[in-house]
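Chemist: There's a structure below that I have some questions on.
Numbering (our numbering), first residue to last: 4 to 396.
Written as structure tokens, this is what we have:
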């Protein structure tokens, strides 16, 4: 098969080039505006010639549709925030390898295994979504009494057949800003449920993520690993901040071998838990503060599944019913290096529910519940060894 490289600088040239089904690169020179939805044929790539390369899609239109073995790189892509700026054709059986590299985007980046798609490999590297709105995007995974909003960056194997398998390597992902958080979740990876299609990711590495779910009664997350997803290594090197009701900062319903967060985890909305686990985590390390401000916004929850080994820097909550750390399932070792502090009515510092059963909890820096009559500790479960240094008040 002949391989072509075609340089384009207008909508007409761009449309002709992507309609050519010969494998090769379409090279974008400069900024091209009022672009209709594009479909890349299998093996076709779309790349920027330099840092001025950009595609601005028509208002309300989706952006680039991928098929199989496509690469989109070194581009600025702008669609309407509620549109999909990059998405894929679900009528193909295999995605081959889809690569999104060094993209700055407005609109949702969405890769799905649905309909005919049962296999493929997804590489995302250096993808930043400046603005997106997924609040009306369907479907939403449901579990534990909530529906989770899709993310500004979404990789989701929706198949119910457990033989359907998507692999992924996801690095350098970021979403939103303090001034303009994305609406919906930030980064979202999921399989097809606990017994459905699998999403197997070697890495999920993120930079700054700012998200505001923006709807009552739903759940969004800054970074959400949903059921059916297995991630070997999660590394959050930028701050993760959420603003809406029910917007957890980090959430896990899947399986994560190692999860590390090295920048602050912050929520401002009611019930915006700092870290919530319903899945399985081998090793968790959070080396920066977890801080919440909304009513009912716990700092750290193990509501389901288990966490084998966890180390946290510090937990602070500021509102009523905002428990510092609540453990309701079996666990291994939990260590907090710089204390747990709460400020609201009903905001217990450390709560072990009856189903909690673990080997060790160690808190350096004390446990303090500032509100009158609120106990710093509630122990209804079992732990082999509990150590608190720095006082309990």
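Heads up, the beta-carbon is just placed ideally off N, CA and C, and yes, glycines get one too.
1. Spell out the partners DSSP gives residue 111 in its beta bridges.
2. Give the straight-line distance between the Cα atoms of residue 272 and residue 108, rounded to the nearest whole angstrom.
3. Mind checking which residues open and close the beta strand (DSSP E) that includes residue 20?
4. Is it buried or exposed for residue 390, if we count other Cβ within 10 angstroms and need 16 for buried?
5. Going by DSSP in three states, residue 326 sits in which element: helix, strand or coil?
6. From 379, 281, 311 and 341, pick the residue whose C-alpha is nearest to that of residue 348; which is it?
7. Give the single residue among 225, 342 and 55 whose Cα lies nearest to the Cα of residue 190.
8. Given that a residue counts as buried once 16 or more other Cβ atoms are within 10 Å of its Cβ, and exposed if not, what is residue 18?
9. Mapping the DSSP letters down to three states, classify residue 3 as helix, strand or coil.
10. For a test of the three-state rule: what should DSSP assign to residue 11, helix, strand or coil?
11. Is the beta carbon of residue 195 less than 7 Å from the beta carbon of residue 148?
12. Beta strand (DSSP E) containing residue 211: first to last residue?
13. Would you mind reading off the limits of the beta strand (DSSP E) that contains residue 236?
14. With a threshold of 6 Å on Cβ separation, who are the neighbours of residue 260 within its own chain once the five nearest residues in sequence on each side are excluded?
15. For residue 243 and residue 317, what's the separation of their Cα atoms in angstroms?
16. Measuring only the C-alpha atoms, how far is residue 367 from residue 289?
17. Can you name the start and end residues of the beta strand (DSSP E) that residue 96 belongs to?
18. Can you tell me whether residue 163 is buried or exposed? The criterion is at least 16 other CB atoms within 10 Å of its CB, across all chains shown.
Modeler: In brief:
1. 87
2. 26 Å
3. Taken as a continuous stretch (DSSP letters only), residue 20 belongs to no beta strand (DSSP E), being part of the alpha helix (DSSP H) at 14–22.
4. exposed
5. coil
6. 379
7. 225
8. exposed
9. Residue 3 lies beyond the stretch modelled for the chain, which goes from 4 to 396, so this question has no answer here.
10. strand
11. no
12. 201–215
13. 232–239
14. 235 and 285
15. 15 Å
16. 15 Å
17. Where residue 96 is concerned, there is no enclosing beta strand (DSSP E), given that its DSSP letter is neither H nor E.
18. exposed
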